Structure formats: structure tokens, C-alpha cells
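If you read the sequences in order, they're chains A and B.
Under this note's numbering, think of the first position of the first sequence as 1, with each following residue one higher.
Under this note's numbering, think of the first position of the second sequence as 254, with each following residue one higher.
Heads up, the beta-carbon is just placed ideally off N, CA and C, and yes, glycines get one too.
Please read these numbers as outputs of a predicted model, since none were measured by experiment.
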Amino acid sequence: MAETVLSISHLTKQFDGQTVLEDLSLDVSEGEVVVIVGSSGCGKSTLLRCINALEEIQGGEIRLRGELIRHDGKNLPELRQKIGMVFQSYELFPHLTVLENLLLAPVKAQKRSRNEVREEALALLERVGLKEKADSWPRQLSGGQKQRVAIVRALIMHPEILLFDEVTAALDPEMVREVLDVIVSLADQGRTMLIVTHEMSFARAVADRIILLEDRRILEESSPDQFFTAPKTEQARKFLQTFEFIRKKKEEA
Amino acid sequence: MEWDYIEKVLPLYGKAAWLTLRTGTAGILLAALTGLLCAAALHWRVPVLRWITSAYVEISRNTPLLVQLFFIYYGLPKIGIRTDPETCGIAGLAFLGGSYMTEAFRSGVEAVDRIQEESALSLGLTRLQAFLHVIFPQAAAISAPAFMANVIFLMKETSVFSAVSLMDLMFTAKDQIGLYYRTTESLFLLVSAYLLILLPLSLLGSLLERRLRHAGFGT
Numbered sequence: 001m002a003e004t005v006l007s008i009s010h011l012t013k014q015f016d017g018q019t020v021l022e023d024l025s026l027d028v029s030e031g032e033v034v035v036i037v038g039s040s041g042c043g044k045s046t047l048l049r050c051i052n053a054l055e056e057i058q059g060g061e062i063r064l065r066g067e068l069i070r071h072d073g074k075n076l077p078e079l080r081q082k083i084g085m086v087f088q089s090y091e092l093f094p095h096l097t098v099l100e101n102l103l104l105a106p107v108k109a110q111k112r113s114r115n116e117v118r119e120e121a122l123a124l125l126e127r128v129g130l131k132e133k134a135d136s137w138p139r140q141l142s143g144g145q146k147q148r149v150a151i152v153r154a155l156i157m158h159p160e161i162l163l164f165d166e167v168t169a170a171l172d173p174e175m176v177r178e179v180l181d182v183i184v185s186l187a188d189q190g191r192t193m194l195i196v197t198h199e200m201s202f203a204r205a206v207a208d209r210i211i212l213l214e215d216r217r218i219l220e221e222s223s224p225d226q227f228f229t230a231p232k233t234e235q236a237r238k239f240l241q242t243f244e245f246i247r248k249k250k251e252e253a
Numbered sequence: 254m255e256w257d258y259i260e261k262v263l264p265l266y267g268k269a270a271w272l273t274l275r276t277g278t279a280g281i282l283l284a285a286l287t288g289l290l291c292a293a294a295l296h297w298r299v300p301v302l303r304w305i306t307s308a309y310v311e312i313s314r315n316t317p318l319l320v321q322l323f324f325i326y327y328g329l330p331k332i333g334i335r336t337d338p339e340t341c342g343i344a345g346l347a348f349l350g351g352s353y354m355t356e357a358f359r360s361g362v363e364a365v366d367r368i369q370e371e372s373a374l375s376l377g378l379t380r381l382q383a384f385l386h387v388i389f390p391q392a393a394a395i396s397a398p399a400f401m402a403n404v405i406f407l408m409k410e411t412s413v414f415s416a417v418s419l420m421d422l423m424f425t426a427k428d429q430i431g432l433y434y435r436t437t438e439s440l441f442l443l444v445s446a447y448l449l450i451l452l453p454l455s456l457l458g459s460l461l462e463r464r465l466r467h468a469g470f471g472t
């Protein structure tokens with residue numbers, strides 16, 4: 001059994017008295033890819049935001065390799081360096097070039113040497129096919145390119161775990177592929193990842209474990225094959241149906 | 254128009270222009286500093302300080318500079334705070350400009366999306382690092398046009414300084430008209446001197462704005 005990287009136990013999250021996540025527990029082991037699915041507003045994104053303490057939690061605890069993540073913790077910046085987060089809306093820094101976007105945190109937060117990080121950044125950009133964009137400004141990139149840069153920006157911090165928050169939701173359909181390919185290749189390298197997505201075929205391909213979040217808690221937890229072919233719960237079946245399109249033939253109607 | 258007269262009094266206007274430029278610049282710099290501190294107090298919601306700041310902004314914006322100067326020059330000595338005219342002018346300009354600068358900086362900081370800060374924090378930057386490297390540069394670019402407009406506005410407001418017997422451009426021109434009845438020449442010199450100070454400032458402002466736009470801001 002691989003070592004546990006992330007451990008969430010009895011997490012409760014409320015917004016203004018309204019419970020969004022309740023008594024939620026989840027462990028992610030080293031090298032594991034866990035995909036979280038669920039209908040809009042079920043708290044998937046909130047869960048990710050709790051993990052890197054962008055949200056305060058009202059109950060339970062979250063640990064990264066045994067270290068407690070607290071919203072007001074003194075070591076929060078150090079812990080966040082070990083948690084790579086990729087946002088739906090990319091959130092590149094518009095006043096910095098692609099390369100400067102990648103260098104900022106390693107140089108300022110991790111105090112690594114600029115030259116060393118620069119070389120790594122260029123190598124990583126090459127791997128995602130964007131080496132020639134190193135000196136471009138974010139606004140000159142397409143959505144898919146921006147998101148690939150955002151992934152590299154998370155990777156260059158050498159995180160213990162990567163969190164992906166609906167990273168293709170804001171993309172045009174033809175750009176979804178290039179981003180998902182990058183994530184699949186990261187899975188092949190054995191990266192530990194927690195992914196929130198609405199792309200079901202991607203989820204099936206990349207996941208070691210699928211989690212259905214519904215009604216504030218984990219409703220179903222299965223292997224991808226089981227989840228997509230023989231879901232255990234009625235809700236999971238209903239959820240999967242929302243992705244299918246069945247149309248009666250005209251003469252039947 | 255008598256050019257002989259103009260030539261004779263030119264050094265007088267030169268001296269006055271220097272005074273206008275000197276007090277104006279000092280007042281504007283202090284106003285910018287005040288604005289930065291107040292904007293920070295409002296942005297970080299510093300307890301107590303943010304209430305004081307809000308009250309200051311309202312008082313400063315809703316009273317005329319002339320009244321503020323009178324208050325500093327004639328009012329404050331009654332409680333033992335005595336100022337010379339130049340200090341009074343600079344302090345008055347800083348008091349008035351501080352609120353305008355606060356609003357300029359605050360609108361810039363607020364225009365930067367919160368998630369930009371979250372993005373910086375989730376990379377492991379501290380709050381201060383996120384502010385210095387991510388929020389401030391973007392906010393400064395957004396604030397630049399309002400900031401430059403304030404600079405020009407405040408430089409023009411120095412013309413009120415004559416009311417507390419500062420020998421600025423306005424004072425000199427009025428003095429000359431009173432002494433020699435050279436209205437045309439005096440007004441000509443007055444307008445020219447202000448244009449000489451303000452046109453380069455405007456030019457500098459548009460150059461700055463253009464540069465910031467070209468730096469790739471605003472996705």
C-alpha cells in the first residue's frame with residue numbers, strides 16, 4: 001500500500017450557516033489519481049479550495065503527509081508550495097510574461113536560483129509544446145495555451161499533489177483535448193492528483209478512483225470501470241444519464 | 254503689450270513659478286503617500302484606522318482647498334500650531350490631495366480580481382509577496398490615469414496659495430496688476446507660466462499611460 005499523501009477527515013464546510021460539505025473523509029495515496037464528479041454546486045470546487053486553505057473550514061481536519069493544514073497556520077505558505085492548484089480561469093498574472101509567471105513563486109517563495117528555475121521552466125514548456133511562447137504575454141495566448149502554462153506553473157513548484165479545478169470548463173471544445181492530454185501524461189508519470197471535472201470520458205481514462213459528490217457528501221466511490229458501467233447507487237445512474245442524449249425518432253413521437 | 258515691461262518682471266515670475274512648482278510637487282508627493290497609506294488601511298480593513306480614513310476622505314473631499322488653507326493658517330495657531338505660509342500650502346495640498354489619491358489607488362486595487370490574489374497565495378507566496386508582485390503592479394497600471402489627472406488637478410490648485418500670502422504665480426500677477434495696472438502683460442505671463450509647468454506634466458502622463466498599456470496589462 002502506497003503512502004497517504006492527502007488525508008481529509010470529517011471535513012465540514014459552511015457558508016453563512018449553510019452546510020456545503022458535511023463530515024467528508026477522503027484519503028489520496030501517493031501516485032493515485034482521484035477524480036471527483038458531481039452536479040454543479042455540489043461543493044467539488046469548495047473541497048479543493050479547502051485543501052489549500054483558500055476557505056476556512058468549520059469542522060474536521062486536512063493533513064498533507066501528516067502536517068495539519070490550517071487556514072490561519074503560520075506555515076501555510078510552505079504547505080501551499082507543496083499543493084499545486086490549477087484554476088478554471090487559468091489566473092496567469094497578466095502583467096508578467098509566460099516565463100516570469102513561471103519564475104515568480106520558485107524564486108520569491110522557494111528562494112531557488114533564477115537560472116536553475118529558468119532552465120527547468122523552459123524544459124517544462126517544451127514538454128507541453130509551448131517553448132516558443134516563453135516571452136509572450138498571457139493575453140497573446142489561447143485559452144488552451146494559458147491553461148497549459150498554468151499547469152507548468154503548478155508543476156515547477158515540485159508539489160506533492162496537484163489539484164485541478166474544472167480546468168477545461170472555460171475552454172473552447174477544440175482546446176479541451178490539448179489540456180487533457182497534458183494531464184493524462186502527468187498521470188502516466190505517477191503524479192498524485194485530485195481532479196474535479198465534467199469531462200466524463202477523460203475521467204474514465206485518467207482516474208484510479210472516481211468519487212461522486214452529491215448532497216454535501218461522498219455518495220459513491222468506485223473504480224472508473226465500475227462507476228461508468230455498473231454504478232452502485234441510483235443517484236450515480238441518474239447523474240451519468242445527464243451526459244447522454246437520447247432522442248426519439250420523429251415517427252415514434 | 255509692452256515687451257520691455259515683460260522682460261523687466263520676468264525674473265519675478267520665474268521665482269514665483271519655482272515656488273509654485275516646489276510647493277506643488279512637495280504637496281503632491283505627500284498626497285500620494287497619504288493616499289497609499291489610506292488605501293492600504295481600507296484594503297486590509299485595519300480596525301479603527303479604516304474608520305478614521307473614511308472620515309478623513311469625506312472631510313477632505315467635501316471642503317474647498319481655500320477653506321482648508323484658512324483652517325491651517327488662521328485656525329491652527331489658536332491651538333498653538335503655527336505654520337509659515339509655505340508649509341501651510343504644502344500641508345493643505347497634501348490634505349486635499351490625499352483623499353483623491355486614496356480613491357485613485359483604492360479603485361485600482363479593487364479592480365484586480367480576488368482570485369488573482371488566491372492564485373498567488375496558492376503558489377505559496379505570502380500575503381505581502383502576493384501584494385507586491387501580483388496585486389500592486391496591476392493596480393498601479395489601472396490607477397495610473399486617475400493618478401495623473403490628480404497630479405495635474407493638484408498642481409493647478411496651488412493658485413489658491415496666494416490667499417495665505419504665498420508669493421506664487423497668482424499672487425505675483427495680482428500684485429503686479431495692482432501696482433502698475435499692467436493687466437494684459439500680467440495675465441499673459443500668468444497663463445504662460447502655468448502652461449509651461451502643466452503641459453510637460455500632461456505629456457508625461459500620456460507617455461506613462463501608453464507605456465503601461467504596452468507592458469501587456471489587461472487581458
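Under the three-state DSSP convention, the category residue i falls into
| i | result |
| --- | --- |
| residue 57 (chain A) | coil |
| residue 219 (chain A) | strand |
| residue 472 (chain B) | Legend: pLDDT at residue 472 (chain B) = 41, less than 50; position of this residue unreliable, value from coordinates given subsequently. Coil, per DSSP. |
| residue 66 (chain A) | coil |
| residue 321 (chain B) | helix |
| residue 5 (chain A) | strand |
| residue 448 (chain B) | helix |
| residue 328 (chain B) | helix |
| residue 177 (chain A) | helix |
| residue 458 (chain B) | helix |
| residue 83 (chain A) | strand |
| residue 436 (chain B) | helix |
| residue 420 (chain B) | coil |
| residue 160 (chain A) | coil |
| residue 74 (chain A) | coil |
| residue 386 (chain B) | helix |
| residue 407 (chain B) | helix |
| residue 427 (chain B) | helix |
| residue 12 (chain A) | strand |
| residue 315 (chain B) | coil |
| residue 393 (chain B) | helix |
Straight-line Cα distance separating residue j from residue i
| i | j | result |
| --- | --- | --- |
| residue 131 (chain A) | residue 86 (chain A) | 20 angstroms |
| residue 407 (chain B) | residue 264 (chain B) | 25 angstroms |
| residue 315 (chain B) | residue 144 (chain A) | 50 angstroms |
| residue 198 (chain A) | residue 237 (chain A) | 15 angstroms |
| residue 471 (chain B) | residue 424 (chain B) | Any reading at residue 471 (chain B) must be qualified, since the residue scores a pLDDT of 43, below 50, and its modelled position is unreliable; no value is offered. |
| residue 101 (chain A) | residue 448 (chain B) | 43 angstroms |
| residue 331 (chain B) | residue 322 (chain B) | 14 angstroms |
| residue 200 (chain B) | residue 70 (chain A) | No statement about residue 200 (chain B) is possible, as the shown extent of chain B runs from 254 to 472 and does not include it. |
| residue 41 (chain A) | residue 214 (chain A) | 9 angstroms |
| residue 90 (chain A) | residue 351 (chain B) | 36 angstroms |
| residue 375 (chain B) | residue 267 (chain B) | 56 angstroms |
| residue 295 (chain B) | residue 367 (chain B) | 15 angstroms |
| residue 96 (chain A) | residue 280 (chain B) | 33 angstroms |
| residue 370 (chain B) | residue 336 (chain B) | 44 angstroms |
| residue 344 (chain B) | residue 360 (chain B) | 24 angstroms |
| residue 39 (chain A) | residue 307 (chain B) | 43 angstroms |
Limits of the beta strand (DSSP E) - the one that residue i falls within
| i | result |
| --- | --- |
| residue 29 (chain A) | 18 to 29 |
| residue 374 (chain B) | First-last for residue 374 (chain B): 367 to 375, but that is the alpha helix (DSSP H), not the beta strand (DSSP E). |
| residue 267 (chain B) | Careful: residue 267 (chain B) lies outside any beta strand (DSSP E), inside the alpha helix (DSSP H) at 256 to 296. |
| residue 212 (chain A) | 209 to 214 |
| residue 194 (chain A) | 193 to 196 |
Where the alpha helix (DSSP H) containing residue i begins and where it ends
| i | result |
| --- | --- |
| residue 361 (chain B) | 338 to 364 |
| residue 166 (chain A) | Residue 166 (chain A) -> no alpha helix (DSSP H), and no H or E assigned at all. |
| residue 144 (chain A) | 143 to 155 |
| residue 36 (chain A) | Unbroken run through residue 36 (chain A) is the beta strand (DSSP E), 33 to 37; no alpha helix (DSSP H). |
| residue 51 (chain A) | 44 to 51 |
| residue 238 (chain A) | 234 to 241 |
| residue 104 (chain A) | 98 to 108 |
Proximity below 8 angstroms, CB of residue i to CB of residue j
| i | j | result |
| --- | --- | --- |
| residue 395 (chain B) | residue 454 (chain B) | no |
| residue 88 (chain A) | residue 167 (chain A) | yes |
| residue 473 (chain B) | residue 397 (chain B) | Only positions 254 to 472 of chain B appear in this structure, which leaves residue 473 (chain B) out of reach. |
| residue 203 (chain A) | residue 224 (chain A) | yes |
| residue 29 (chain A) | residue 4 (chain A) | yes |
| residue 165 (chain A) | residue 48 (chain A) | yes |
| residue 122 (chain A) | residue 109 (chain A) | no |
| residue 159 (chain A) | residue 83 (chain A) | yes |
| residue 149 (chain A) | residue 155 (chain A) | no |
| residue 420 (chain B) | residue 293 (chain B) | no |
| residue 347 (chain B) | residue 284 (chain B) | yes |
| residue 328 (chain B) | residue 276 (chain B) | no |
| residue 288 (chain B) | residue 355 (chain B) | yes |
| residue 18 (chain A) | residue 58 (chain A) | no |
| residue 429 (chain B) | residue 418 (chain B) | no |
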